[in-house]
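K.L.:
One structure is given below, represented as structure tokens, and several questions about it will come after.
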Amino acid sequence: MNASDAQNLTSHFDTWLNNHQNLVSSRQQLQHSTLFAAPRDGDSTVSGQNTIGAGKNAKTESAQGKKLDDAISAGNHSEIVDLLTESTGNAVSSILGLAQSRTGWNPLDPDNDKNAEGFQEFVSSILKVPFFNVTQSERTTVHYEEENYNSLIDKVVGLYDGITEQDVPLIKNSIVNLAKACTSRVNTQNTKTLFVQNTMNATGTDIVVGIQQTFMMMERSHSSGKGAPKDHYKTEITVNVMELTFKGGLWNKSAAEKLADKFVKSWDDWLDGTTTPASPSADQIQFCFGPTHSARQKQEADAIK
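Its first residue numbered 1, the sequence shown is counted upward by one per residue in UniProt numbering.
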């Protein structure tokens with residue numbers, strides 16, 4: 001990239017920072033955005049969100065984020081700019097945080113009826129950021145009528161690209177916890193449960209932001225016969241997957257300085273602030289995972305300590 005191209009890219013980013021309403025989405029960006037529109041059918045919508053840091057450099061980005069928080073507290077503007085220039089992970093978390101602040105999407109308030117629409121606005125906003133390229137965008141539907149959810153979770157996780165084997169247990173546990181957080185808030189027969197599992201994958205200067213939106217239609221049937229009454233769930237899950245790659249090699253100090261003047265949010269602050277807390281009744285929910293699930297969960301948890 002020559003100096004003129006770099007200047008145009010930074011100028012475009014400056015427009016996004018200050019006058020994002022003036023940026024018109026391309027036809028392709030609109031198509032990617034509508035992928036995340038919530039279906040209208042179903043009795044209720046519950047929006048939840050989990051975000052996890054992944055990749056071999058996730059710990060480094062977290063450490064840089066702590067330095068960034070210290071620089072913010074100290075009011076050290078030059079250090080903030082230097083950290084945002086050096087740490088593309090914290091630049092990305094700041095960009096995502098700014099995009100979220102412009103919408104009605106609040107993962108910490110899952111009962112907010114503006115969450116589904118706000119999340120789509122968030123996606124539309126980040127699609128306009130010139131340093132992001134869409135590297136994947138697709139929809140997959142999984143039908144499931146069994147009682148053991150092990151294979152269902154495996155199928156959903158299998159749709160997530162760009163994750164290492166070490167990160168799989170993190171995402172599995174995150175999905176289970178989020179499903180509990182969402183389903184604990186609804187009690188209808190045909191329940192529309194919408195949640196989003198995000199990953200921030202740091203493997204180099206490029207940061208891959210994975211957005212996986214899951215639409216879950218659970219049809220509950222209750223039958224009584226010999227033994228205790230039994231609930232059976234027929235589940236249809238649609239997973240919308242989009243992967244955006246932040247081109248760290250194009251990121252520059254001029255853009256970092258413009259970002260520092262507008263909005264800053266550290267890596268861990270973004271992860272924590274976009275993870276829906278469980279409701280008080282979530283711990284009472286026991287999905288059927290089969291007799292080996294608890295032992296396997298413990299092995300996976302031990303493996304990532």
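Glycine included, every Cβ here is placed at the ideal spot set by N, Cα and C.
As an exercise, report each continuous alpha helix (DSSP H) stretch of at least 4 residues that is fully enclosed by the region 98-154, in chain order.
P.N.:
Taking only runs of at least 4 residues, the alpha helix (DSSP H) segments lying wholly in the region 98-154 are 115-126.
K.L.:
Let me make sure I understand the geometry here. Which of Gly104, Gly97 and Trp251 has the alpha-carbon closest to that of Leu9?
P.N.:
Measuring from the Cα of Leu9, the nearest candidate turns out to be Trp251.
K.L.:
Note down the Cα distance separating Ala116 from Thr15, rounded to an integer number of angstroms.
P.N.:
Those two C-alpha atoms are separated by around 26 Å.
K.L.:
Cα separation between Thr34 and Phe122?
P.N.:
Looking at the two C-alpha atoms, the distance is approximately 12 Å.
K.L.:
Can you name the start and end residues of the alpha helix (DSSP H) that His77 belongs to?
P.N.:
Where His77 is concerned, the enclosing alpha helix (DSSP H) stretches over His77 to Glu86.
K.L.:
For Thr85, which residues in the same chain have their Cβ closer than 7 Å to its Cβ, ignoring the five residues on either side in sequence?
P.N.:
Lys253 and Ala256, listed in sequence order.
K.L.:
Enumerate in chain order the residues of its own chain whose CB-to-CB distance from Ala260 is below 6 Å, with the five nearest sequence positions on each side excluded.
P.N.:
Contacts found: Ile80, Val81 and Leu84.
K.L.:
Tell whether a beta-carbon distance below 9 Å holds between Phe131 and Phe13.
P.N.:
Their beta carbons are under 9 Å apart, which means Phe131 touches Phe13 by this criterion.
K.L.:
Measuring CB atoms only, is the region 52-71 touching the region 201-210, in the sense that at least three cross pairs come out at less than 8 Å?
P.N.:
Yes, since at least three Cβ pairs between the region 52-71 and the region 201-210 fall closer than 8 Å, the two stretches touch.
K.L.:
Specify the secondary structure class of Asn252 as computed by DSSP and reduced to three states.
P.N.:
It is coil, neither helix nor strand.
K.L.:
Under 9 Å between the Cβ atoms of Asn240 and Thr275?
P.N.:
No.
K.L.:
Can you tell me where the alpha helix (DSSP H) holding residue 311 begins and where it ends?
P.N.:
There is simply no residue 311 to check, as the chain begins at 1 and stops at 305 in what is shown.
K.L.:
Taking just the CA atoms, how far does Gln28 sit from Lys128?
P.N.:
So the alpha carbons of these two residues sit roughly 11 Å apart.
K.L.:
Which term fits Ala74, buried or exposed, when burial requires 16 or more other beta carbons within 10 angstroms of its beta carbon?
P.N.:
Exposed, since its Cβ has fewer than 16 Cβ neighbours within 10 Å.
K.L.:
Since Ile207 and Met242 are thought to touch, with beta carbons under 8 Å apart, how far apart are those beta carbons, to the nearest angstrom?
P.N.:
14 Å between Cβ atoms; not a contact.
K.L.:
Looking only at its chain, what residues have a beta carbon closer than 6 Å to the beta carbon of Val196, apart from the 5 residues adjacent to it on each side?
P.N.:
Correct list, in chain order: Gln49 and Gln213.
K.L.:
Can you name the start and end residues of the alpha helix (DSSP H) that Asp269 belongs to?
P.N.:
Residues Trp267 to Gly273.
K.L.:
So the alpha helix (DSSP H) Thr203 belongs to, where does it begin and stop?
P.N.:
Thr203 -> no alpha helix (DSSP H), and no H or E assigned at all.
K.L.:
Which residue comes first and which comes last in the alpha helix (DSSP H) that contains Gly65?
P.N.:
Looking at the DSSP string, the run of the alpha helix (DSSP H) that includes Gly65 is Ala58 to Ala74.
K.L.:
To which residues of the same chain is Ala58 closer than 6 Å at the C-beta, ignoring the five residues directly before and after it?
P.N.:
Correct list, in chain order: Ala202.
K.L.:
Residue 306 and Ser78: beta carbons closer than 9 Å?
P.N.:
Residue 306 is absent from the model: the chain starts at 1 and stops at 305.
K.L.:
Less than 9 Å separating the beta-carbons of Val244 and Asn90?
P.N.:
The displayed chain sequence assigns Leu, not Val, to residue 244. No; because the gap between Cβ atoms is not below 9 Å, this pair is not in contact.
K.L.:
Using three-state DSSP, classify Leu244 as helix, strand or coil.
P.N.:
Three-state result, Leu244: strand.
K.L.:
Mind checking Asn76: buried by the 16 CB within 10 Å criterion, or exposed?
P.N.:
Result: exposed.
K.L.:
Taking Val142 as the reference, which of Glu236, Asp268 and Lys66 has the closest Cα?
P.N.:
It is Glu236.
K.L.:
Tell me the rounded alpha-carbon separation between Gly248 and Gln100.
P.N.:
When rounded, the distance between both Cα atoms is 21 Å.
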